[in-house]
Amino acid sequence: MNHTGKEITLIIIGSLFFALGVNWFAIPNELGEGGVTGISMTLYYVLGWSPGLTNFIMNGFLLAIGYKVLNKRVTWYTMIAIFFTSLFIHLTEGMGNSVDIMLGTVFAGVFIGIGLGLVLRSGGTTGGSTIIARMLNQHFGWGVSTTMFVFDILVVIGSAFVIGIENTMYTGISIYISTKILDYLIDGFDTRKAVTIISENTDEIAKKVSDEMDRGVTIINARGHYSNEAKDILYVVINKQELFLLKKMIQRVDEKAFVVVHDVRDVFGEGFTFPKT
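Taking the numbering used here, I'd label the letters of the sequence shown as residues 29 to 305.
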């Protein structure tokens with residue numbers, strides 16, 4: 029129950045960030061947005077309809093379709109997100125002021141990206157293209173942020189007839205920024221490094237990594253194709269700040285060691301942060 033309360037709190041906070049991104053930065057600078065929110069903003073520019081109200085109505089129709097394939101938890105969380113997003117968009121309507129178009133573009137992307145990221149990371153969606161993206165992710169494994177980006181761009185292209193080509197291009201930049209923020213919030217900010225080590229002194233290197241860095245080492249049995257000789261390969265996952273120390277350590281033991289470093293977006297387990305479930 030306590031964990032559920034934290035997730036709902038994050039969804040509400042994310043909904044507020046999303047609404048502020050729309051009303052503080054996007055609408056005052058006549059930018060567009062993707063999905064249902066983008067359609068709501070276009071209707072606001074053309075007909076003056078409240079974006080909070082139209083957002084709530086259209087997302088309600090989409091949720092009526094999406095709940096059949098989304099699990100109950102995601103459905104309930106999405107209902108909460110749609111309600112609070114629409115409410116906050118309505119309450120903050122007219123609060124923003126026009127600023128430099130580039131600043132408005134950047135901060136709209138940042139605020140909307142944070143809002144979407146908090147909601148999605150907590151297990152819900154803000155409706156619109158996120159509902160469709162979740163459905164495609166669950167059934168076909170499509171990336172959530174990439175799918176959202178495609179749907180959002182289609183809506184933005186349609187809004188170009190209202191906000192103009194220049195503002196449409198700025199909108200594309202804003203959506204790109206929000207997509208990258210979303211990726212970081214879902215996959216993790218702190219990238220790790222996975223290091224593969226091939227050496228004649230694997231035991232000594234493994235011992236130093238365990239003793240001096242307090243990191244686990246996986247030993248993989250392999251065979252060289254040319255020499256046909258059996259080799260032990262070391263696999264280590266470390267923080268990026270530890271990479272320099274590991275390189276110096278390997279060099280001291282074996283200057284001829286073959287080392288490959290890979291970027292790892294997110295890691296959890298013993299020695300790293302466990303995800304909350």
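The beta carbon of each residue, even a glycine, is placed where N, CA and C say it ideally should be.
Please read these numbers as outputs of a predicted model, since none were measured by experiment.
*asked:* Measuring straight from C-alpha to C-alpha, what distance separates residue 202 and residue 192?
replied: 15 Å
*Determine the DSSP secondary structure at residue 224, reduced to helix, strand or coil.*
Strand.
*Keeping to the same chain, check which residues put their C-beta closer than 8 Å to that of residue 286; ignore five residues upstream and five downstream.*
225, 226, 227
_Do residue 156 and residue 74 count as a contact pair if the criterion is CB distance below 8 Å?_
With contacts defined by Cβ atoms closer than 8 Å, residue 74 and residue 156 do not form a contacting pair.
*Could you spell out the range, first to last residue, of the alpha helix (DSSP H) harbouring residue 136?*
129–149
*Could you tell me how far apart the beta carbons of residue 290 and residue 234 are, in whole angstroms, since I believe they sit closer than 8 Å?*
Not really, about 18 Å apart at Cβ, beyond 8 Å.
*asked:* Output needed for residue 260: all residues of its chain with C-beta closer than 6 Å, excluding positions within five of it in sequence on either side, in chain order.
replied: 230, 247
*How long is the line joining the alpha carbons of residue 280 and residue 232, rounded to whole angstroms?*
11 Å
_3 or more residues per run - each beta strand (DSSP E) lying fully within the region 250–293_ = As summarised for the region 250–293, the continuous beta strand (DSSP E) elements at least 3 residues long and confined to that stretch are 258–267, 286–292, given in chain order.
*Proximity to residue 56 [Cα-Cα], best of 212, 266, 120, 214*: 120
*Taking Cβ to Cβ, would you say residue 42 is nearer than 8 Å to residue 143?*
yes
*Closer than 6 Å by C-beta to residue 45: which residues in its own chain qualify, once you throw out the five before and the five after it? Chain order, please.*
139, 142, 143
*Between residue 84 and the rest of its own chain, which residues show a CB-CB distance below 6 Å, the 5 nearest in sequence each way excluded?*
114
*Measuring alpha carbon to alpha carbon, tell me which of 179, 277, 266 ends up nearest residue 62.*
179
*Going by beta carbon distance, what residues of the same chain come within less than 7 Å of residue 270, once the five residues before and after it are set aside?*
Within the same chain, residue 270 has close Cβ partners 241.
*asked:* Can you tell me whether residue 304 is helix, strand or coil according to DSSP?
replied: For residue 304, the predicted structure reports a pLDDT of 46, less than 50, and the residue's modelled location is therefore unreliable. The matter cannot be settled from this model.
*Would you report the Cα separation of residue 150 and residue 129, rounded to the nearest angstrom?*
32 Å
*To the nearest angstrom, how far is it from the Cα of residue 304 to the Cα of residue 189?*
No answer about residue 304 holds up, because its pLDDT of 46 lies below 50 and its placement is not dependable.
*Out of curiosity, what's the CA-to-CA distance linking residue 110 and residue 68?*
13 Å
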